[in-house]
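To get the numbering used here, take the position in the sequence shown, counting from 1, and add 186.
A short worksheet on the structure shown next.
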Amino acid sequence: LGKPIHFEFKYYHGDYLKKSYREKRVTRLSPAPDGGAMADLGSHILSLLIAFIGDKVEITGAVQAGEYDDVPEGSDLFSQISLYDRESHAAGTLSASRISSGSGDSLSFEIFATGGSIRFSSENPGQFEYYTEESATWSRKISGSNYKPLTSFPSGHVPGGWHRAMIHAHYVFLTNCKTEAIVPGIMHGLAVQKLLNSTAGHLARFRELK
Numbered sequence: 187l188g189k190p191i192h193f194e195f196k197y198y199h200g201d202y203l204k205k206s207y208r209e210k211r212v213t214r215l216s217p218a219p220d221g222g223a224m225a226d227l228g229s230h231i232l233s234l235l236i237a238f239i240g241d242k243v244e245i246t247g248a249v250q251a252g253e254y255d256d257v258p259e260g261s262d263l264f265s266q267i268s269l270y271d272r273e274s275h276a277a278g279t280l281s282a283s284r285i286s287s288g289s290g291d292s293l294s295f296e297i298f299a300t301g302g303s304i305r306f307s308s309e310n311p312g313q314f315e316y317y318t319e320e321s322a323t324w325s326r327k328i329s330g331s332n333y334k335p336l337t338s339f340p341s342g343h344v345p346g347g348w349h350r351a352m353i354h355a356h357y358v359f360l361t362n363c364k365t366e367a368i369v370p371g372i373m374h375g376l377a378v379q380k381l382l383n384s385t386a387g388h389l390a391r392f393r394e395l396k
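Given below as structure tokens:
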């Protein structure tokens with residue numbers, strides 16, 4: 187698809203709108219970077235973003251929204267960060283929310299590049315869509331378990347879902363990570379944590395402006 191230009195990543199929940207739900211999870215309401223929506227949900231999509239864009243991504247700013255008397259101000263209920271990649275010069279946003287009504291457990295992303303674009307939503311986890319400038323058409327690809335030519339296990343007709351992902355994770359582990367697919371290591375985890383720590387600082391500066 188060419189060189190990335192801009193992107194958008196989201197991971198939204200809605201359960202923290204309920205006071206009863208928050209009361210059962212007080213320990214998860216600690217201030218960022220230990221708690222909050224970005225630490226809880228954003229960490230997953232930050233990992234995805236790094237897998238696609240690389241680990242040279244930097245945060246340029248952040249905002250947060252949502253207030254409840256029983257939630258510390260430093261524990262973001264919704265937060266959005268703007269990012270810039272120094273290698274590709276791509277830019278975009280990433281947002282995480284615990285208070286998006288009706289979202290359920292919604293993860294989605296879009297990446298726009300010089301030769302096309304790609305998008306995915308967990309509302310349709312068994313497929314993703316991509317567009318190429320060359321064809322000038324959108325195509326829908328069934329993700330299933332088609333890992334060829336990297337591996338033929340599990341079979342191509344196994345549907346998407348946590349069970350498929352768990353089986354493949356076991357496969358990668360038992361084969362000692364001998365695969366061309368991205369296998370997050372300690373450096374990947376540290377890159378995610380670095381961005382989470384940076385997010386906390388940017389959110390603190392945003393709150394000073396309120």
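The beta-carbon is built from N, C-alpha and C at its ideal position, and this holds for glycine as well.
- Contact between Leu-203 and Phe-295 is ruled out by a C-beta separation of about 24 Å, above the 8 Å threshold.
- About 19 Å separates the CB atoms of Pro-370 and Ile-297; that is not less than 8 Å, and the two are not in contact.
- Within the DSSP bridge table, the entry for His-374 names no partner.
- Between Gly-302 and Arg-391, the alpha-carbon positions lie close to 36 Å from each other.
- The DSSP assignment places 243 to 251 and 264 to 271 as complete runs of the beta strand (DSSP E) inside the segment 228 to 276, in order along the chain (cut-off: 3 residues).
- For Asp-226, the number of other beta carbons within 10 angstroms of its own is at least 16, and it is reported as buried.
- Its Cα nearest to that of Asp-256, the residue Lys-210 stands out among Asn-310, Lys-210, Ile-231 and Ser-289.
- For the pair Arg-284 and Gly-252, the CB atoms are nearer than the 9 Å cut-off.
- Leaving aside the five residues that flank Tyr-207 on each side, the residues in its chain whose CB is nearer than 6 Å to its CB run, in chain order, Asp-201.
- The three-state reading of DSSP puts Ala-355 in helix, counting H, G and I together.
- Listed as beta-bridge partners of Tyr-316 by DSSP are Ile-304 and Ser-325.
- Gly-278 is positioned such that its CB atom lies closer than 9 Å to that of Glu-194.
- Here Pro-190 is bridged, per DSSP, to Ala-299.
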